[in-house]
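Be aware that the sequence shown starts at 889, since it is given in the numbering used here, and climbs by one per residue.
Virtual Cβ for every residue (Gly too), placed ideally from N, Cα, C.
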Amino acid sequence: MKQIAVYSCFKGEDYDLSAFIKASLKWAKISDINKFSPNIAKAQSSGDIMLAKKSYESAYETHLNGFCVALDERGKAMDSLGFAKLIEPHNKINFFIGGAYGFSDEFRGKMHTLLSLSKLTMAHKIAKLVLFEQIFRALSISANHPYHKGE
889 MKQIAVYSCF
899 KGEDYDLSAF
909 IKASLKWAKI
919 SDINKFSPNI
929 AKAQSSGDIM
939 LAKKSYESAY
949 ETHLNGFCVA
959 LDERGKAMDS
969 LGFAKLIEPH
979 NKINFFIGGA
989 YGFSDEFRGK
999 MHTLLSLSKL
1009 TMAHKIAKLV
1019 LFEQIFRALS
1029 ISANHPYHKG
1039 E
């Protein structure tokens, strides 16, 4: 069974992702892991962008294993079928959602791929909701489940 983890560093309340997590259990164990901490809060409020980026990245550092994907505005845009093909061959997948200031070039370089969900800038919790839906859709596509109605 696939192991998929989504790491974020978001202060506040997320949308309810439980329906996507539960529906995906047929094909994968999906974890939603929020790494927000007082260190990240302090770094973000300092106004020092590099310090803020480093705080997110240090929170994620121990999770850089398996197939690593960072959500990034510079990432590759793809359709749902392409996304399904991207994750299908991997059994352990870690997604990383950056904080308000995104990721450094050094962190981006540690990823297997960078993914852009849209050219639009989204609130953190909306990007996370879209990602969870697309993970479920990708798993459905790979399993020939009828959830995905596209070609």
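- [ ] Quick one: give me the first and last residue of the beta strand (DSSP E) that K980 is part of.
- [x] Within the sequence shown, the letter at position 92 stands for residue 980. Note, K980: beta strand (DSSP E), K980 to I985.
Task: Neighbour-count burial assignment, R1025, 16 or more Cβ in a 10 Å radius - done: To locate residue 1025, count along the sequence shown from 1; it is residue 137. Looking at its Cβ environment, which holds 16 or more other Cβ atoms inside 10 Å, R1025 is buried.
- [ ] Determine the DSSP secondary structure at K914, reduced to helix, strand or coil.
- [x] The residue labelled residue 914 in the question sits at position 26 within the sequence shown. Coil at K914, not helix or strand.
TODO: Express the C-alpha separation of A893 and I985 in angstroms, rounding to a whole number.
DONE: What you label residue 985 is simply residue 97 of the sequence shown in a count that begins at 1. What you label residue 893 is simply residue 5 of the sequence shown in a count that begins at 1. Using only the alpha carbons, I get a separation of about 11 Å.
Task: Classification of N982 by the beta-carbon crowding that lies within 10 angstroms, buried from 16 upward - done: Position 94 of the sequence shown, counted from the start, is the residue given in the question as residue 982. It is buried - the Cβ of N982 has at least 16 other Cβ atoms within 10 Å.
Open item on the list: Under DSSP, the alpha helix (DSSP H) around G970 begins and ends at which residues?
Closed with: The sequence position of residue 970 within the sequence shown is 82, counting from 1. Element bounds for G970: S968 to I975.
TODO: Alpha carbon to alpha carbon, how far is K917 from S934? Give it in angstroms, no decimals.
DONE: Position 46 of the sequence shown, counted from the first residue, corresponds to residue 934. Position 29 of the sequence shown, counted from the first residue, corresponds to residue 917. Taking the straight line from one Cα to the other gives about 37 Å.
Task: Beta-carbon proximity list for S1028, same chain, < 6 Å, skipping 5 on both sides - done: For this step, residue 1028 is matched to residue 140 along the sequence shown. Cβ within range, chain order: Y1035 and H1036.
Task: CA nearest to the CA of Y975, picked from F955, A965 and G963 - done: As a working mapping, residue 975 is identified with position 87 in the sequence shown. In the sequence as presented, Tyr is not what sits at residue 975; that position holds Ile. Among F955, A965 and G963, the Cα nearest to that of I975 is on F955.
Open item on the list: Is it buried or exposed, Y948, if we count other Cβ atoms within 10 angstroms and call 16 or more buried?
Closed with: Numbered from 1 along the sequence shown, position 60 holds the residue referred to as residue 948. Under this definition Y948 is a buried residue.
TODO: Note down the Cα distance separating N979 from E945, rounded to an integer number of angstroms.
DONE: As a working mapping, residue 979 is identified with position 91 in the sequence shown. As a working mapping, residue 945 is identified with position 57 in the sequence shown. Cα to Cα, N979 sits roughly 23 Å from E945.
TODO: On a CA-only basis, which of E901, G963 and A931 is nearest I1014? Give me that one, please.
DONE: To locate residue 1014, count along the sequence shown from 1; it is residue 126. Looking at the Cα atoms, E901 is the closest of the given residues.
Open item on the list: Three or more C-beta pairs under 8 Å: does that hold for the segment 999-1019 against the segment 959-973?
Closed with: yes
- [ ] Give the DSSP-derived three-state secondary structure of G954 in the structure shown.
- [x] Position 66 of the sequence shown holds residue 954. G954 falls in the coil class under three-state DSSP.
- [ ] Taking only the alpha-carbon atoms, compute the straight-line gap between L1005 and L1019 and give it to the nearest angstrom.
- [x] Taking the sequence shown and counting its residues from 1, one reaches residue 1005 at position 117. Taking the sequence shown and counting its residues from 1, one reaches residue 1019 at position 131. Between L1005 and L1019, the C-alpha separation is close to 8 Å.
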